[in-house]
Amino acid sequence: MQLTAKPERTYGLVVGIEKYHEPQWNVLGGGQAEDALRFARWLCGCGVPQGNIRLCLSSLPENDHLVGECELTVELATEQNLYDIVTNFLSQKSGDLLYIFWAGHGLISSERERRLICADATKQSWLNLDLHSLLLLLGSDRFGIRHHVCIIDACANYLRETPTNLGGKTFPSGKPRTDSQQFVLLAAREGETAKVNSAEKTGYFSQAVREALIQGNESFPPDMLAVAEQVKQQFQSLDKKQLPTYFYYRNWDGDQEKYHYNPFDIPHNIQQSNAIKFVGRDEKLAELHQLLKEHDVVVISDATEKGGVGKTELAIQYSWQHLEDYPGGCCWLNPQGAELGTQLVEFGMVNFLNFYPPQELSLTGKVAYCWRNWQTGKALLVFDDVKDWKQIKDYLPAKGSRFKVLITSRQNTGLIYPSLPLGELSADAALELLTKLLGRDRVEGELEFAQKLCQFVGYIPIGLYQVAAYSREPRRVLC
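In our numbering, the protein residues as written are 2 to 480.
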C-alpha cells in the first residue's frame, strides 16, 4: 500500500492519555503522553505544518514537563473535545492524508466494538469514542481528507466490570467514498492487552511503530504494509503475548493490494475468559495450533480425568489469539445448552448477511443449509464440554471442508480424533497463578507453605482458584 500525499496537505490527530479522571486507571509511570509527542514530532519532521496537527494529551504530574517543553499547542483529551476536532475541524478540511495516533486505554464492548477511553472517563461515566463509527465517517463523503492511516496503541480486551451499554460518542456518516483508502494498525487483537515498557516509559507497540516509521522515512508517506510487517516481526521476538494486527480498506478501482481481514468483520461468539491470568500453557497453544493445521477435528482432553485442568480456557485463549486465521468466523457451541442445530442456525442468522434458512426445512435440513451458506473463509467450530460423541456427530461438517472443529471433553467417550491431553501446571506456573490470585506480598510471605499448597491441589488451576477464594475471606491466611 503506497499512498501519494503532500506533507502540506497532510493532517494529524495525535492523542496520548496516561491520566484519567478515574485515578485507578492512571498508567503507572506513564509513557502514552511522550509516545504521542514523539509521533507529533515525527509528523513535523516530515514537513507536516504545525497548524495541521491537533495534539491532545492527558499526562501524569511527573510528566507535565514534557507538555511544557512541547512546541505544539496541547489540548484536552476529553470526549467532547476529541469529537469536536473530528466533526468540526478535520471534517471541514480538504487534504490528501490524515494520521490518527492513539495511545491510551481501550476495550472491546459486548457488541464487539473497539472503544477508546477518553481522559475524562470514570466508572460512573465511561466516556469513549467508537473506533468503528469513526472509521466509517472518515471513509464517507462527509469527510474531505481522502486517505487515512490510524495507529492505535490500546488494549482490546473485555473487562468484567464494564457496563453492558457503554454509551460513548458515535460519529455521523454518509455514503462511502469510492476514492478513499484506509490503513488501520492495531496494537492487539481482540482479547489481548497492549503492554507498556515501564522502564522506558513507552508502549512496546508505539516504540516498534516509531522505529519502523523512521526506517521508512526515505519517502513520504511511508509504506504502511512494510511498517506493519516490521512491527509484527519485532513482536514475534518480544514474547509479550500480544500480536499487532492490521486491516486495509482497498479503493474501488480494482487494486490487488495485500489485504488482511478486518477484525471487526469476523463473526464470533467466543466465550469471555474467566482466567485472571493465563499461565503455563504457551506450548500447548502452539501444539494445538499445529494439530488444527494438520487435522480437521482436534480434541482437548483431560489427562488427569479429574476436571479443572483448563480445557475450556485453553479453547478460549486459542480462539481469541487465532481469530484472524478464521475469517469465516468462530462459532462456540454448548452441547449442554439448546439443541446444537438450533445454536448453529441462530449463529448464522445473527452474523451472516442474506442467511435465511427456509422455514419448511427440518432442523437437519437447516444444518445442511448452514454448511452450504456459511460466510466464506476458513471457519472454526468449538464444541465445549462434550460428554459423548453421539451428542455432536450429526452436527459435524463434512471431512476435508474449510471448517476446523475443536472439541473439549473430560471423558473423551467415543471420540477417535487426534487429542491434546491437558494435565496439571508446572510447579512454577502454579505458583505464578497463585501469586496473581492472592498478591505477591502475601505469597512470598508464606512461600514455603504456598508451594506445598500448590502441590496439595495437584497443580490444577481450578484447585488454585478455590484455594484463593477461600484465602481471600476476611481474616484468612493461606493455612
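Each residue gets a CB set at the ideal place from its N, CA and C atoms; glycine is no exception.
Same chain only: Cβ atoms within 8 Å of I146, ignoring 5 sequence neighbours per side: For I146, where only same-chain residues beyond five positions count, the Cβ hits under 8 Å are Y12, L91, K94, S95, G96, D97, L98, L99, L139.
S320 beta carbon less than 8 Å from that of L397: No, Cβ-Cβ distance for L397 and S320 is not below 8 Å.
Unbroken stretches of the beta strand (DSSP E), 3 residues or longer, contained in the region 392-443: You should have 404-410, 420-423.
Beta-carbon separation of V236 and D154 under 8 Å? What sits at residue 236 in the sequence shown is Phe, not Val. No, the Cβ-Cβ distance between F236 and D154 is not below 8 Å.
According to DSSP, is G96 part of a helix, a strand, or is it coil? In the structure shown, G96 falls within a strand segment according to DSSP collapsed to helix, strand and coil.
Hey, C331 and V383 are a contact pair by Cβ (cut 8 Å); roughly how many whole angstroms apart? That belief holds up - the Cβ atoms of C331 and V383 are roughly 7 Å apart, short of 8 Å.
CB-CB length for Q33 against G169, believed under 8 Å: Separation of the CB atoms of Q33 and G169 is rounded to 19 Å, and the pair is thereby denied contact status at 8 Å.
How is the alpha helix (DSSP H) around Y370 delimited, first residue to last? 364-374 is the span of the alpha helix (DSSP H), which, as asked, contains Y370.
I'd like the list of long-range same chain contacts for S59, defined as Cβ closer than 6 Å, with 5 residues on each side in sequence excluded. Excluding sequence neighbours, S59 sits near I18, K20, A78, A120.
Span of the alpha helix (DSSP H) around C45: In this chain, the alpha helix (DSSP H) harbouring C45 covers 33-46.
Cutting at 8 Å between CB atoms, please list the residues of its own chain near Q452, excluding the five before and the five after it. Only A428, L432 meet the Cβ criterion.
Contacting residues, own chain, Cβ-Cβ under 7 Å from P8 (five flanking each side not counted): So the qualifying residues of the chain are C47, G48, V49, F221.
Could you tell me the alpha carbon to alpha carbon distance between R39 and L214, rounded to whole angstroms? Rounded to the nearest angstrom, the two C-alpha atoms are 11 Å apart.
Neighbourhood of R411 by C-beta, 6 Å cutoff - its chain only, sequence neighbours within 5 removed: Short of 6 Å from the beta carbon of R411, and not among the five residues preceding or following it, lie these beta carbons of its own chain, in chain order: D303, G308.
Roughly how many whole angstroms lie between the Cα atoms of T171 and Y418? Rounded to whole angstroms, T171 to Y418 spans 47 Å at the Cα level.
The beta strand (DSSP E) that contains D283, what's its start and end? First-last for D283: 283-295, but that is the alpha helix (DSSP H), not the beta strand (DSSP E).
Which residue or residues does DSSP assign as beta-bridge partners of Y12? In DSSP, Y12 forms a bridge with L99.
By the DSSP assignment, the alpha helix (DSSP H) with E212 in it spans what residues? First-last of the alpha helix (DSSP H) with E212: 205-216.
Using a Cβ-Cβ cutoff of less than 6 Å, which residues in the same chain neighbour G507 once the five nearest sequence positions on both sides are dropped? With the chain covering only 2 through 480, there is no way to say anything about residue 507.
Sheet register partners of W26 (DSSP bridge): Bridge partners of W26: none, in fact.
Going by DSSP, what residue range makes up the alpha helix (DSSP H) through D85? 80-85 is the extent of the alpha helix (DSSP H) around D85.
According to DSSP, simplified to helix, strand and coil, what is C119? In this structure, C119 counts as coil in the three-state DSSP scheme.
Member of D395, T246, L426 whose CA lies at the smallest distance from the CA of F184: Closest by alpha carbon: T246.
Straight-line CA distance for R251 to Q182? Note that R251 scores a pLDDT of 48, beneath 50, so its modelled location is shaky; the value from the coordinates is reported in the next line. One C-alpha to the other measures close to 6 Å.
Going by Cα to Cα distance, which pick from N374, L286, P328 is closest to T313? From the listed residues N374, L286, P328, the smallest Cα separation to T313 is found for L286.
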